[in-house]
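Enquirer:
Residue numbers (this note's numbering): 2 to 540.
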């Protein structure tokens, strides 16, 4: 990365090698012993040689004996089989300028450094150093000059955005944009402001290489629990272990990016209840607006929960869980749902966007988004439901000569009726999706003799005189298939099955009965469902 860093390594290498020589010099040797050695950083600096700058070739002449070497001897450097430089020891100006026994000699364990500088072309080159003494000593090797590497660092978040209140995975890419390969190890430092945790230095492994145009990606995770701007930066080859292309190879070793955290912010507003006069006999329309005030799309469907609280008992019941479509940032959608309350009183309805409860679609999990403001996800409104006189059911078809008020004893033909079923609220159903329930009215001058489940996808529970508070202590809360029903069962019918009234008398003193339905699959519930019942005249 920097030439001064290379020189520090060079001087350290020379000093370390000389110190080791003093320790290991054989005590039994009585003669000078010259040795040629490469430095521990290699035969060249930079190593490997680069074609865009001069390469220095180094060799140490070491006195590995126990007596001082005074010379004379000649050190020769050969490049690609040709002698390009020779040094005499001692040289004339050393003999003249220095006293004998000082700089013009090599004491035991000491060494003399020799350097040759040349600019190489790309390719392999042979290097040979030798000393002409009584015993010839030489060292040689092959080096390969290459184009200079150029490390570039880039940072980006997975998914190309920073998520507020969720983990963000950062990609720190180190790429060799130069012509020559890069050998590890070298270090990349990553930092983030704000930061949820410190990040250790990212080390490109020793023994691995980055060839030309090859990249290596580190993964770093951070959690941002605010909407503050996030600034991330990275510096590759922080300690200057790589010699890069001239003249500006180090200029692209640093990268910095700023990101605004992305978030979804769902708000429920404009909650409205219709009609103006609410009764137990008509569906109640609940409508609201759901807006995404965040800067990120709510790209996945989410659940909207509708709950009703009875002011008198404090009971909270989940009326329905509606699947809302994805909502783009800055846009809104209208939601309308009809509910039925079978008991008069004061209630509070609450609508929750991105509700934690799971709806009928198992693929839409509860609570999809982490938001900066969870309080605006819900809105509630109080209302009162009054009781009205029960409207008499429409007369059922009877034989032409029969009076509606006269008990039929003969000649009666069977008939059919239609029941509309709605979702209801009961004390035992808190936290559950409500079943569909409807009442089969009293059949004058006859009896409900048989109820047939004519549907193909519904279960039917036939229950006696449905009462939300229980029937003289005999009512019980029974949870079946995820639905909580308050009932006294008379029959349980699968599709195609029938129930027969063997008593041939009016049920429950002529008050009529209820039928509860439950789906066999996860199909979405319609607003209301119609089923048929059959009756026969009493004989």
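Glycine residues also receive a C-beta, built at the ideal position from the N, C-alpha and C atoms.
A quick note: this is a predicted structure, and the numbers were derived from the prediction, not measured.
Out of 171, 39 and 377, state which residue places its alpha-carbon closest to the alpha-carbon of residue 290.
Expert: Nearest C-alpha to residue 290: 377.
Enquirer: If you draw a straight line from the C-alpha of residue 204 to the C-alpha of residue 232, how long is it?
Expert: Looking at the two C-alpha atoms, the distance is approximately 22 Å.
Enquirer: Whole angstroms is fine: what's the gap from residue 287's alpha carbon to residue 194's?
Expert: Near 45 Å, if we compare the C-alpha coordinates of residue 194 and residue 287.
Enquirer: Quickly, what does DSSP pair residue 164 with across the bridge? List them, please.
Expert: Paired residues: 263.
Enquirer: So what does DSSP say about residue 56, is it helix, strand or coil?
Expert: In this structure, residue 56 counts as strand in the three-state DSSP scheme.
Enquirer: From which residue to which residue does the beta strand (DSSP E) around residue 116 run?
Expert: That run of the beta strand (DSSP E) goes 112-119.
Enquirer: Beta-carbon within less than 7 Å of residue 80's beta-carbon, same chain only, minus the 5 sequence neighbours each way: which residues are those?
Expert: For residue 80, where only same-chain residues beyond five positions count, the Cβ hits under 7 Å are 119, 126 and 128.
Enquirer: Rounded to the nearest angstrom, what separates residue 234 and residue 200 at their Cα positions?
Expert: Roughly 12 Å separates the two Cα atoms.
Enquirer: Kindly confirm or deny that the stretch 245-252 and the stretch 273-280 touch, where touching means at least three C-beta pairs closer than 8 Å.
Expert: At 8 Å Cβ cutoff, the stretches do not touch.
Enquirer: Give the single residue among 83, 111 and 43 whose Cα lies nearest to the Cα of residue 65.
Expert: Of the candidates 83, 111 and 43, the one whose C-alpha sits nearest the C-alpha of residue 65 is 111.
Enquirer: Report the rounded CA-to-CA distance for residue 480 versus residue 305, giving the unit in angstroms.
Expert: For residue 480, the pLDDT reaches just 33, beneath the cut-off of 50, and the residue's location in the model is therefore unreliable, leaving the point undetermined.
Enquirer: Counting beta carbon pairs with one atom in the stretch 37-55 and one in the stretch 152-170, are three or more of them shorter than 8 Å?
Expert: With the cut-off at 8 Å, the stretch 152-170 and the stretch 37-55 do not touch.
Enquirer: Hey, residue 328 and residue 299 are a contact pair by Cβ (cut 8 Å); roughly how many whole angstroms apart?
Expert: Rounded, the Cβ-Cβ distance is 4 Å, consistent with contact.
Enquirer: Rounded to whole angstroms, what's the CA-CA distance from residue 109 to residue 140? Just pull it up for me.
Expert: Taking the straight line joining both Cα atoms gives about 21 Å.
Enquirer: Using DSSP's beta-bridge definition, name the partner residues of residue 217.
Expert: 175, per the DSSP bridge assignment.
Enquirer: Just tell me which of 264, 188 and 214 has its CA closest to the CA of residue 202.
Expert: Closest option to residue 202, Cα to Cα, is 188.
Enquirer: Whose CA, out of 332, 301 and 303, lies closest to the CA of residue 295?
Expert: Selected option, being the one with the closest Cα: 332.
Enquirer: How big is the Cα-Cα spacing for residue 43 and residue 208?
Expert: Rounded to the nearest angstrom, the two C-alpha atoms are 16 Å apart.
Enquirer: Given residue 169, which residues of its chain have a CB within under 6 Å of its CB, disregarding the five upstream and five downstream residues?
Expert: Contacts found: 158, 163 and 223.
Enquirer: Quick check on the burial criterion: 16 or more other C-beta atoms within 10 angstroms. Buried or exposed for residue 385?
Expert: Its Cβ having fewer than 16 others within 10 Å, residue 385 is exposed.
Enquirer: Please give me, in chain order, every unbroken run of the beta strand (DSSP E) with length at least 3 that falls completely inside the stretch 330-375.
Expert: If we require 3 residues or more, the beta strand (DSSP E) runs fully inside the stretch 330-375 come out as 333-340 and 346-354.
Enquirer: Measure from the alpha carbon of residue 54 to the alpha carbon of each residue in 82, 86 and 245, then state which is nearest.
Expert: Here the closest residue by C-alpha is 245.
Enquirer: Classify residue 296 as helix, strand or coil using the three-state DSSP reduction.
Expert: It is coil, neither helix nor strand.
Enquirer: How many Å lie between residue 341 and residue 369 at the Cα?
Expert: Using only the alpha carbons, I get a separation of about 29 Å.
Enquirer: Is the beta carbon of residue 352 less than 9 Å from the beta carbon of residue 380?
Expert: Yes, the pair counts as a contact, with Cβ atoms nearer than the cut-off.
Enquirer: Look up residue 377 in the DSSP assignment and say whether it is helix, strand or coil.
Expert: In this structure, residue 377 counts as helix in the three-state DSSP scheme.
Enquirer: What does the Cβ neighbour count give for residue 121, buried or exposed, with the cut at 16 atoms within 10 Å?
Expert: With 16 or more Cβ atoms within 10 Å of its Cβ, residue 121 is classed as buried.
Enquirer: Use the C-beta contact count for residue 264: other C-beta atoms within 10 angstroms, 16 or more gives buried, fewer gives exposed.
Expert: The residue in question, residue 264, is buried, as its Cβ has 16 or more Cβ neighbours within 10 Å.
Enquirer: Take the Cβ of residue 210 as the centre, count every other Cβ of all protein chains shown within 10 Å, and call the residue buried at 16 or more, exposed below.
Expert: It is exposed - the Cβ of residue 210 has fewer than 16 other Cβ atoms within 10 Å.
Enquirer: Rounded to whole angstroms, what is the Cα-Cα separation between residue 383 and residue 275?
Expert: Roughly 12 Å separates the two Cα atoms.
Enquirer: Is it buried or exposed, residue 247, if we count other Cβ atoms within 10 angstroms and call 16 or more buried?
Expert: By the 10 Å Cβ count, residue 247 comes out exposed.
Enquirer: Exposed or buried, what is residue 364 when buried is set at 16 or more other beta-carbons lying within 10 Å of its beta-carbon?
Expert: The residue in question, residue 364, is exposed, as its Cβ has fewer than 16 Cβ neighbours within 10 Å.
Enquirer: Is DSSP giving residue 127 helix, strand or coil here?
Expert: Of the three classes helix, strand and coil, the one that applies to residue 127 here is strand, per DSSP.
Enquirer: Can you tell me which of the three DSSP states residue 282 falls into?
Expert: Three-state DSSP puts residue 282 in coil, outside helix and strand.
Enquirer: If I follow the unbroken beta strand (DSSP E) through residue 89, where does it start and stop?
Expert: Run containing residue 89: 83-90, per the beta strand (DSSP E) assignment.
Enquirer: Near residue 176, which residues of its chain fall below 6 Å by C-beta distance, leaving aside the five closest residues on each side in sequence?
Expert: Answer for residue 176: 153 and 216, listed in chain order.
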